[in-house]
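Below you'll find the structure, written out as structure tokens, and then a few comments.
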Amino acid sequence: KILIIGACGQIGSELTLKLRGIYGNDNVIASDIREGNSNLMESGPFETVNAMDFDQVSSVVEKHQIDEVYLMAALLSATAEKNPAFAWELNMNSLFHVLNLAKEGKIKKIFWPSSIAVFGPTTPRFNTPQYTVMEPSTVYGISKQAGERWCEYYYNKYGVDVRSIRYPGLISWTTPPGGGTTDYAVDIFYKAIEDKHYNCFLSEQSALPMMYMDDALNATVGIMQAEKEDVKIRSSYNLGGISFTPEELYAEITKHIPDFTIEYAPDFRQAIADSWPASIDDSAAQKDWSWNHKYDLEAMTTVMLENLSKVLQTK
Ligand code: VAH
4 KILIIGACGQ IGSELTLKLR GIYGNDNVIA SDIREGNSNL MESGPFETVN
54 AMDFDQVSSV VEKHQIDEVY LMAALLSATA EKNPAFAWEL NMNSLFHVLN
104 LAKEGKIKKI FWPSSIAVFG PTTPRFNTPQ YTVMEPSTVY GISKQAGERW
154 CEYYYNKYGV DVRSIRYPGL ISWTTPPGGG TTDYAVDIFY KAIEDKHYNC
204 FLSEQSALPM MYMDDALNAT VGIMQAEKED VKIRSSYNLG GISFTPEELY
254 AEITKHIPDF TIEYAPDFRQ AIADSWPASI DDSAAQKDWS WNHKYDLEAM
304 TTVMLENLSK VLQTK
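Numbering follows the UniProt record's numbering, with no gaps: position 206 of the sequence shown is 209.
Dropping the structure here:
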């Protein structure tokens, strides 16, 4: 049985449906602090769980005889900057609860998401290597770097089979933007369709590593289905994908919506974006568990506009 903690979030809501499609609806228990959308709630079991409460997590693991946990609950970069103490509590305590349950033999396998936010202003910015300087300057990035260290420690010290991926910015149309700095690349599609104008909170040249959600979900399933000995890196794997600037994304959208206009008004999130890499080297993931992404900027833009137009028309 699989438990997804944080099943109503940007990744969790789509990951739940994908895992239910692979393993069967009743074998994938969704959980979050609040209920999710109808697709999620109607397609399989749901439990209300506060990821920070060990007893709640532990009792759901016992009740459903859980084998694998995907821990997707966290505060993202921009939100975490507004609530540093709470972000640290949520991001770290939820991880310790799951790692300790696995150490006690109650869980067999864990997926825990890290992020390109673990890199900081002193990290080489282009084609950032798997092993390099990492001095994250955001609360979110600090929590992800610390989390990676703990995952590797629990693997080496207690044999906990925890697997992790450093996600780039993720782009999807099923859940609205959730407090991330890269979420301008989600927001822009809503605004292009609804208003034909977007006021972008990053400057036009801010290149960031990005990925369409389907690719990210395939990578998540891919690392979890890999043979244990093939997962050689137990901190977290770099995951590349595409890299583009707001200006390049805007230009791609205007191929579909010619009268779409944009203005740039960088806010506090500019400093966060400036501290992150522009592009990522994910050759380790390609080599160890045959990762490759499918969606380039053109394909991602097409599929986002097609699907989001349908969703927004029904509103
Ligand atoms: C954020 N989307 O912006 C997340 C992600 C790499 C970015 O961690 O905070």
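Even glycine gets a Cβ: it sits at the ideal position worked out from N, Cα and C.
Only a predicted model underlies this, so the values are computations on that prediction, with no experimental measurement involved.
Bridge partners - residue i, DSSP secondary structure assignment
i, result
"G172", "M213"
"R166", "F114"
"H200", "T264"
"E50", "S34"
"V72", "L6, I113"
"N241", "R169"
"S282", "S282 is not bridged to any residue."
Closer than 7 Å: residue i CB and nearest the ligand VAH heavy atom
i, result
"T185", "yes"
"S282", "no"
"I245", "no"
"I36", "no"
"L98", "no"
"G172", "yes"
"L79", "yes"
"A120", "yes"
"Y215", "no"
"Y253", "no"
"Y193", "no"
"Y143", "yes"
Closest by C-alpha distance to residue i, when choosing among the options
i, options, result
"K258", "R237, P269, V224, E301", "E301"
"E38", "H67, K194, I8", "I8"
"D70", "A105, W294, F89, W279", "A105"
"V52", "S46, S62, Q273, T223", "S62"
"L242", "G123, C11, T131, F49", "T131"
"R166", "P179, Y187, I265, E151", "E151"
"P139", "W279, G12, Q273", "W279"
"Y267", "F204, Y193, D285", "F204"
"M65", "A219, I5, I275, D299", "Per the sequence shown, residue 65 should be read as Glu rather than Met. The shortest Cα separation from E65 among A219, I5, I275, D299 belongs to I5."
Residue burial classification, residue i (beta-carbon count within 10 angstroms, cutoff 16)
i, result
"L315", "exposed"
"I32", "buried"
"F271", "exposed"
"I296", "The amino acid occupying residue 296 in the given sequence is His; Ile does not appear at that position. Label assigned to H296: buried."
"T141", "buried"
"E309", "exposed"
"V136", "exposed"
"A88", "exposed"
"G172", "buried"
"T19", "buried"
"G12", "buried"
"T125", "exposed"
"T184", "buried"
Proximity below 8 Å, CB of residue i to CB of residue j
i, j, result
"S175", "E45", "no"
"W294", "G244", "no"
"G181", "L98", "no"
"L211", "Y157", "no"
"A254", "M213", "no"
"E282", "F129", "Looking at the sequence provided, one finds Ser at residue 282 rather than Glu. Contact: yes."
"S117", "I191", "no"
"E92", "M55", "yes"
"G144", "V163", "no"
"T304", "I256", "yes"
"P249", "E207", "yes"
"K199", "F263", "yes"
"S146", "A90", "yes"
"K112", "M227", "yes"
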